[in-house]
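J.: Protein sequence lines correspond, in order, to chains G, X, P and C. With the numbering used here applied, the first sequence corresponds to residues 1 to 251, in that order. With the numbering used here applied, the second sequence corresponds to residues 1001 to 1251, in that order. With the numbering used here applied, the third sequence corresponds to residues 2001 to 2251, in that order. With the numbering used here applied, the fourth sequence corresponds to residues 3001 to 3251, in that order. By construction, the Cβ of each residue, glycine as well, lies at the ideal position given by its N, Cα and C atoms. This structure is in structure tokens; I'll ask about it shortly.
4 protein chains.
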Amino acid sequence: MEKMESIVKYDSKPLLKNPVFIEALPGIGNVGKIAGDHFATILKAEKFASLYSMNFPPQVIPDENNVIKMASNELWHARTPAGQDIIFIRGDYQGSTPEGQFILAQDIMEILLSYDVSRIITLGGYGTGQMIKEHHVYGAVSKAELKEELSGYGVEFLPGEPKAGIIGAAGLLIGMGQINGIESFCIMGDTSGYFIDHGSSIGLVKVLGKMFGVEELELEGLETEARKLTELTEKATTPEPESKENLSYFG
Amino acid sequence: MEKMESIVKYDSKPLLKNPVFIEALPGIGNVGKIAGDHFATILKAEKFASLYSMNFPPQVIPDENNVIKMASNELWHARTPAGQDIIFIRGDYQGSTPEGQFILAQDIMEILLSYDVSRIITLGGYGTGQMIKEHHVYGAVSKAELKEELSGYGVEFLPGEPKAGIIGAAGLLIGMGQINGIESFCIMGDTSGYFIDHGSSIGLVKVLGKMFGVEELELEGLETEARKLTELTEKATTPEPESKENLSYFG
Amino acid sequence: MEKMESIVKYDSKPLLKNPVFIEALPGIGNVGKIAGDHFATILKAEKFASLYSMNFPPQVIPDENNVIKMASNELWHARTPAGQDIIFIRGDYQGSTPEGQFILAQDIMEILLSYDVSRIITLGGYGTGQMIKEHHVYGAVSKAELKEELSGYGVEFLPGEPKAGIIGAAGLLIGMGQINGIESFCIMGDTSGYFIDHGSSIGLVKVLGKMFGVEELELEGLETEARKLTELTEKATTPEPESKENLSYFG
Amino acid sequence: MEKMESIVKYDSKPLLKNPVFIEALPGIGNVGKIAGDHFATILKAEKFASLYSMNFPPQVIPDENNVIKMASNELWHARTPAGQDIIFIRGDYQGSTPEGQFILAQDIMEILLSYDVSRIITLGGYGTGQMIKEHHVYGAVSKAELKEELSGYGVEFLPGEPKAGIIGAAGLLIGMGQINGIESFCIMGDTSGYFIDHGSSIGLVKVLGKMFGVEELELEGLETEARKLTELTEKATTPEPESKENLSYFG
């Protein structure tokens, strides 16, 4: 019997006009997943397909009602107030091996090409190894012409030498977009990389809001989570001051 | 030459009417394998096919007569007193990699679909990490409507948050059943996970007995094995009391 | 581009009448390889095909003339004095992963089926973990009826419980022979498993000699190598006796 | 969906007449890559295709302008002053697994066969584990007849026993050339294997220069890099002499 790497099951096949694609899978600090899930939610996105793969963990998870769900990625559809169709890919998994990630990206790309996707946007975290005081959003693009537009949304571009690789779906999907001649870019919120970072994802949501003309971003929930982390890490790293004078030694 | 993941060899092709499928492969405490093998035996099941795979260990085992047997999973057929056809999958192996488990589940699913299988039941152990005084059977279902029926057979459903994943064949086969619209569920006997647990499998056999209207369950052999384990572990964990007073310190 | 697991290159396509197949690849103590290479040599076998595979190490070896040779298995052909065609598989490699071994066995099997092979014989070592004083040849068969014939050639059959698995090509090829209805067996020379064991391979050559009616077995070279190992290991394990009296303590 | 191991994207399809192929991928001391990249540069080679693969790391690298580039190997074309077409394969990656290397070599081979390649030359390092005072170029060939010609270019051939394997693309491509009846050889600069070794690559460039009648080899840059390494390692390994007399002890 022939090996099938992926199984795609459609709940429905929505008619979409030159949709933009947004990748929101788990990654560094889960920054991209949190931002993409939030943006999909405020746009009232609906699931239309599930993608199962031999490259996900071989398991099902029973939910709170003991109804199982197989490891999967899901395709969701939304339309912006301005009428722009968007396809989101969401889920709790990326391929568990390098080869698996490549194959999944190929399978997703094939679906996107069948939908005449007009743009590929991947969301990610930019790990710095240090706590971030003020968050930034950095970009990497399939062609230099995209940078001016992105700068208008507040995306910054790091100067200097070739950067660290963008790995997994966030990298491969814009890479495959590029070689298929589709405008593609990754936007990344900077993050320490040590925590699930809602604060960093807020920056990504704001960029997406400007890009798609969405004004009500409903950021309260993300901000609350972000504050929790800030408080937690400040408590962990701030020494108990013995006196005001001593404090200066710690900056 | 093309890669073939699995080879299926049929001894015969029984005519089966909307069979129910029962998975009884090795897993936690071998609870599912022991229960399924026992239920197949009391129903006088007969082997009708063998499944060989590159995902099993690359070996043959010579038996007591030095006749070899290749690593395989086997399909067995039985009919209940009430006339219900059952297909069992039995064997000593599961796929040796995550990808291999997914491919095997796909191959098995393909066979089941060709038989118009009406239900998929997987048998497993629910590892608790603690010795079990009184065994329970827990369920996970492909759709909520199945829970009432299963409760009638004594299956319980754990409350609360999403549970630990059901891994391997016991998970993947009900997952693939679910995405193919086939009623599917896993029933699991709780077990410490540290031992081969015949005691836990008795609960599964009783549930299967009620489900299929089989009254003579011939549990003596399983009960004898279960008692052996109980005696062994009690000996190992019960301290020699010095006096009645001291005993209370140990609970 | 499609993945090709193996590449078979034919130097010639000999016309063979129901050939017997003999597997002589590396394994425990290299017992099977040494015996098979020797038997092929005394029968003046000729190479007729090479099999290259992604499951061999990705390398070429330059020979003493700096002419390269790619990692491969080779098919050789010989005809016995009695006119029986034999196909040998020889080489320095087995598949480097479990899956690779299965795929190679499938590829080899496909070739054998195309040649209407009448019997599959695999040669191996039976590792005991102990130095062997007097060598034996043990057998494992695809069907019990073969044992009487093999006993006539001096092959012995170990009594009792299921044995340790026969792994790799020596196991998979008789397993695949069995499921294709071809008489298949493995003959194994016992060996410590710690050394390349020419002494053990002599037993296999003698069995092959009786089986195929070959009388001149030209064993001198193998016997010389065997004596070298015996002398080496005796020196290493025999204590210098202080006196005759003390010697008894060492057996 | 079917698994695709490699994706080849052509920028253009140059018309080439019986091109010679030169492999210049990373390897021991990067000797082959440095030499091949240099020779391609002085011949003003142009890229005409990119090869992407599931066997490369699953990532894109943003360049100094934040424009991404997917992990790839590239095909470049040049024509020598004498009118000989050459195809180079260049890049920063080899397949990340043994199987991946074999598959990539097959994919490259298929392209070369479609171009009626007349010769396959692979460039590599010959690791000695010791610092090299005076560099040599060693050869390994698909057939003995090639040695005389190569000797004329200054290539030497190591005497004696079978050599260590030539692994990866440098080995597999001449192996596959050999089994396809194409004249193939590997030339290797000797190198310690501990450093990126520009000095060793100079030898390879000189051999290529003689082979293709290229006189202006523009070696200044390579010689500068080579001197840096020489100075660095001499500093690290030369003891501070206490006096002239003592020095002789160190040779």
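Given this structure, state the Cα-to-Cα distance separating T3041(C) from A3078(C), to the nearest angstrom.
T.: If you draw a straight line from the Cα of T3041(C) to the Cα of A3078(C), it comes to about 9 Å.
J.: For V3060(C) and M3109(C), what's the separation of their Cα atoms in angstroms?
T.: Their backbone Cα atoms lie some 25 Å apart in a straight line.
J.: Helix, strand or coil for A1226(X) per DSSP?
T.: Secondary structure of A1226(X) (DSSP, three-state): helix.
J.: Any C-beta of chain X within less than 9 Å: which residues of the region 35-67 of chain G qualify?
T.: S50, Y52, S53, M54, N55, F56, P57, P58, Q59, V60, I61, P62, D63, E64, N65, N66 and V67
J.: Smallest Cα separation from G3036(C): which of E3023(C), K3047(C) and K3017(C)?
T.: Among E3023(C), K3047(C) and K3017(C), the Cα nearest to that of G3036(C) belongs to E3023(C).
J.: Please list, in chain order, the chain D residues whose beta carbon lies closer than 7 Å to that of M1211(X).
T.: The displayed structure is made up of protein chains G, X, P and C, and chain D is not among them.
J.: Using the beta-carbon count (16 or more within 10 Å), is P2159(P) buried or exposed?
T.: exposed
J.: Quick one: Cα of K2235(P) to Cα of K1069(X), how far?
T.: 41 Å
J.: Taking CB distances under 9 Å as the criterion, tell me whether M2070(P) reaches chain X.
T.: No, its Cβ sits nowhere closer than 9 Å to a Cβ of chain X.
J.: Taking DSSP's pairing of strands, which residues face N73(G) in a bridge?
T.: L51(G) and G91(G)
J.: Is the shortest distance between the beta-carbon of S114(G) and the beta-carbons of chain X less than 9 Å?
T.: no
J.: Closer than 8 Å by beta-carbon distance: list the chain C residues that pair up with K2009(P), in chain order.
T.: I3179
J.: Could you list which residues in chain C have their beta carbon closer than 9 Å to that of S2096(P), in chain order?
T.: Correct list: P3098 and E3099.
J.: Would DSSP call M1131(X) helix, strand or coil?
T.: coil
J.: Considering only residues of the same chain and omitting the five flanking positions on each side of K17(G), which have a CB-CB separation below 6 Å?
T.: Sequence-distant Cβ neighbours of K17(G) in its own chain, meaning closer than 6 Å and more than five residues away, are D85.
J.: Exposed or buried, which one is I121(G) when buried takes at least 16 other CB atoms within 10 Å?
T.: buried
J.: Let me check understanding here. Comparing Cα to Cα, which of G2213(P), G2083(P), I2089(P) and G2139(P) lies closest to K2163(P)?
T.: Out of G2213(P), G2083(P), I2089(P) and G2139(P), G2139(P) has the C-alpha closest to the C-alpha of K2163(P).
J.: Quick check on T1128(X) - is its C-beta less than 9 Å from some C-beta in chain G?
T.: no
J.: Does the beta carbon of A1164(X) come closer than 9 Å to any beta carbon on chain G?
T.: yes
J.: If we count the other Cβ atoms within 10 Å of its Cβ and call it buried at 16 or more, is A3049(C) buried or exposed?
T.: Classification of A3049(C): buried, given that the 10 Å Cβ count is 16 or more.
J.: For a contact meaning CB atoms closer than 7 Å, what does G1175(X) contact in chain G?
T.: V60, I68 and M70
J.: Using beta carbons (cut-off 9 Å, strictly below), is A1140(X) in contact with chain G?
T.: yes
J.: I need the straight-line Cα distance from P3081(C) to G3175(C), nearest angstrom please.
T.: 29 Å
J.: Which residue marks the beginning of the beta strand (DSSP E) containing A2170(P), and which one marks its end?
T.: For A2170(P), there is no enclosing beta strand (DSSP E); the enclosing alpha helix (DSSP H) covers residues A2169 to I2179.
J.: Mind checking which residues open and close the alpha helix (DSSP H) that includes F1212(X)?
T.: H1198 to F1212
J.: Evaluate contact between the region 3110-3118 of chain C and the region 3185-3192 of chain C, counting only Cβ atoms and requiring at least three cross-stretch pairs below 8 Å.
T.: The region 3110-3118 of chain C makes no contact with the region 3185-3192 of chain C, as fewer than three CB pairs between them are under 8 Å.
J.: Evaluate R3227(C) with the Cβ neighbour count: other Cβ atoms within 10 Å of its Cβ, from every protein chain shown; 16 or more gives buried, anything less gives exposed.
T.: By the C-beta density criterion, R3227(C) is exposed, having fewer than 16 other C-beta atoms within 10 angstroms.
J.: Starting from the beta carbon of K13(G), find every residue of chain C whose beta carbon is closer than 8 Å, and list them in chain order.
T.: In chain order: nothing, as chain C lies at least about 17 Å away.
J.: Is there a Cβ from chain G that is less than 9 Å from the Cβ of P1026(X)?
T.: no
J.: Tell me whether Q59(G) sits in a helix, a strand or coil according to DSSP, three-state version.
T.: Of the three classes helix, strand and coil, the one that applies to Q59(G) here is strand, per DSSP.
J.: Counting along the chain, where does the alpha helix (DSSP H) carrying I1187(X) start and finish?
T.: First-last for I1187(X): E1183 to T1191, but that is the beta strand (DSSP E), not the alpha helix (DSSP H).
J.: Taking 9 Å as the threshold (C-beta atoms), are L75(G) and L51(G) in contact?
T.: Taking 9 Å as the cut-off, the Cβ atoms of L51(G) and L75(G) count as close.
J.: Check whether the Cβ atoms of T2128(P) and S2192(P) lie closer than 9 Å to each other.
T.: yes
J.: Any beta carbon of chain G sitting closer than 9 Å to that of I1087(X)?
T.: no
J.: Would you mind stating whether H3135(C) and D3190(C) have Cβ atoms separated by less than 9 Å?
T.: In this structure, D3190(C) lies closer than 9 Å to H3135(C) by Cβ.
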